Amino acid sequence: GSDLGATSCDGFPEVVVYVSPKFGAEFVGDDALALLEGVRCIEGSVAIREVSSLQPLQELRIVTGSLSVTDSDLTTLVPLASLTAAYRLELNRLDGLGDLDGLENLRAVDLLYIGRSSLSVLIEEVPEEGNDGLTDMSALAGLEVSDTLKLGNNAALASLEGLPSVAPRYVEITLNSALPVAEVLAYQAKLSDTDELLHCGNLGDEPCELLPPS
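Encoded structure:
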């Protein structure tokens, strides 16, 4: 896998680097996100929510920490077309998003969370998780996920076509109510013996059992 821990903003002119505070920065709303206009590298982590467009990020290439985009009325990720690497990418509660077009140039992430696939959701009982309109993940075909992939609560998703074929170490595919379990098993067959895949609550799948918090 790629050692993204080594990915840095070295080599970028200071004027196009945004350095986030130690525990990350939150950008809520379009006016706040506009502050990142022209940034090419984010050192650290940013959480973006309640935006209608990601246009200010169209020059963004690298995020050394986490890029979290949630709770937004987005219909496209095309402004992220320059993004090539991030440590962690989270896309959740983006119900207007039908596909992940715009992420074709993303080559490497350690952690990829599409929707909310942690079984802690069952404990917390958070029904509004996931990306309700997502049906197409083909834009991810060239992506390498080196550590963890979680895919959960994406109500319209019926196919795993495009899910990274370079297998992550740990995969959770849970509670995607339109996703046939046969799709999950076909994907599992591509993974190496050492990789772990947890699945439940998909179409025709075993129900997810409530697990006590570890």
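Heads up, the sequence shown is in our numbering, so the first residue is 262 and it goes up one at a time.
From the three backbone atoms N, C-alpha and C, an ideal C-beta is built for every residue, glycine too.
None of these values were measured; they are calculated from a predicted model.
Residue i versus residue j - alpha carbon distance
i, j, result
"D466", "P429", "22 Å"
"V339", "L364", "7 Å"
"S327", "T268", "12 Å"
"F273", "P425", "28 Å"
"D332", "G290", "10 Å"
"E390", "V280", "29 Å"
"N437", "N353", "13 Å"
"P468", "G462", "5 Å"
From the options, residue whose alpha carbon lies closest to that of residue i
i, options, result
"E298", "D334, G326, L341, C270", "L341"
"D292", "R310, S407, G462, E390", "R310"
"I303", "C270, V289, F288", "C270"
"N366", "Q319, N353, G285, A450", "Q319"
"E275", "G285, R301, F288, K283", "R301"
"A286", "D393, L294, V277, A308", "A308"
"T337", "F288, N392, H460", "N392"
Test item: CB-CB of residue i and residue j under 8 Å
i, j, result
"G413", "T396", "no"
"V324", "Y348", "yes"
"V432", "L458", "yes"
"L401", "L446", "no"
"G376", "M398", "no"
"L355", "V330", "yes"
"S237", "D456", "Examination of residue 237 is not possible in this model, given that the chain is present from 262 through 475 alone."
"S343", "L321", "yes"
Cutoff 7 Å; reference residue i; Cβ partners in own chain excluding five residues on either side
i, result
"A439", "A416, A417, L418, A419, L464"
"R368", "T345, A346, G403, L404, E405"
"S476", "Here the chain has residues from 262 to 475 only, and residue 476 is not among them."
"F284", "none"
Residue(s) in a DSSP beta bridge with residue i
i, result
"S327", "R349"
"C461", "T435"
"L372", "R349, T409"
"F288", "I309"
"Y279", "I303"
"P441", "L464"
"D397", "D360"
"V427", "E405"
Residues near residue i in its chain [Cβ-Cβ closer than 6 Å; skip 5 each side]
i, result
"L410", "L373, P429, V432"
"Q316", "P340"
"L421", "E444, Y448"
"E351", "S329, Y374"
Contacts around residue i, its chain only, beta-carbon distance under 8 Å, and the 5 residues preceding and following it disregarded
i, result
"L335", "V312, S313, S314, L315, L355, G357, L358"
Neighbour flag for residue i against chain B, beta carbons, 8 Å
i, result
"A308", "The structure shown contains no chain B, having only a single protein chain."
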